[in-house]
Amino acid sequence: MLSSPVLRLSAENALFSAIALIFIVTVAWAWRETKPYTLPEPLPGWFAVWFGSVQILGGLVPLGALGWSIWQGYPSATAVWLFYYLMLGLQILLESLTLRQYATVVWVMVPYLFLPYRIWQLYEGMNLLEPLAELDWMRSLLWLEIGVWSLNYLLDVAQLPRLYGWLGTQENPD
């Protein structure tokens, strides 16, 4: 039987997913007449470092924690990481659909919805694991993940001018 905190997490994630999907579909419909969106090329040199770091720190490391939680039989910790991956997967799916399938500028909005929620998820995970002293290391990992995704959010915000072409051009006054 599912515990009350796990049911609460289920309801919370279902509600967020519904709100995010409704918002994205509504905005995509409202902006359906905009020209197709493509990523600005070339990608900056630091992009590969950032993308690799996020994949390792935000993808592989939590996967190890999920595997350990399942192996050691910690249902609350397992739920925290499963919902983390469920929302991460939904974000990746929506980013892929909005950028690759529909080529809509709505793609830029997807991380701005999902990253703050992911940070909230991780914080909630720490609260859920609080009574279990043997999971102190996992709470530290959750703090690390909050840091990773917070920095990722700041980087995303800093990239808005580039993504929307707001940088302008500098003329060389020879």
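Numbering of the sequence shown is given in full-length UniProt numbering, commencing with residue 1 and proceeding in unit increments.
Where a beta carbon is used, it is the ideal one built from N, C-alpha and C, also for glycine.
All values derive from a computational prediction rather than experimental measurement.
In the structure shown, W31 falls within a coil segment according to DSSP collapsed to helix, strand and coil. Relative to M87, the option among P116, L155, L57 whose CA is nearest is P116. Here Q159 carries a coil assignment [DSSP, helix/strand/coil]. Here the C-alpha atom of L39 lies approximately 9 Å from the C-alpha atom of Y164. Between K35 and V6, the alpha-carbon positions lie close to 43 Å from each other.
Look at the beta carbons and you see the stretch 100-114 not touching the stretch 123-140: under three pairs across the two are nearer than 8 Å. The beta-carbon separation of T98 and A28, rounded to 7 Å, stays under the 8 Å limit for a contact. For Y84, the three-state secondary structure derived from DSSP is helix.
Just so you know, the alpha carbons of I22 and E95 end up roughly 15 Å apart. A residue is called buried once 16 or more other Cβ atoms fall within 10 Å of its Cβ, and N127, having fewer, is exposed. Look at T104 here: in three-state DSSP terms it is coil, with no helix or strand label.
DSSP, read as helix, strand or coil, puts L43 in coil. DSSP places Y123 inside the alpha helix (DSSP H), whose first and last residues are 110-129. Under the DSSP assignment, L63 falls in the alpha helix (DSSP H) whose first and last residues are 61-72.
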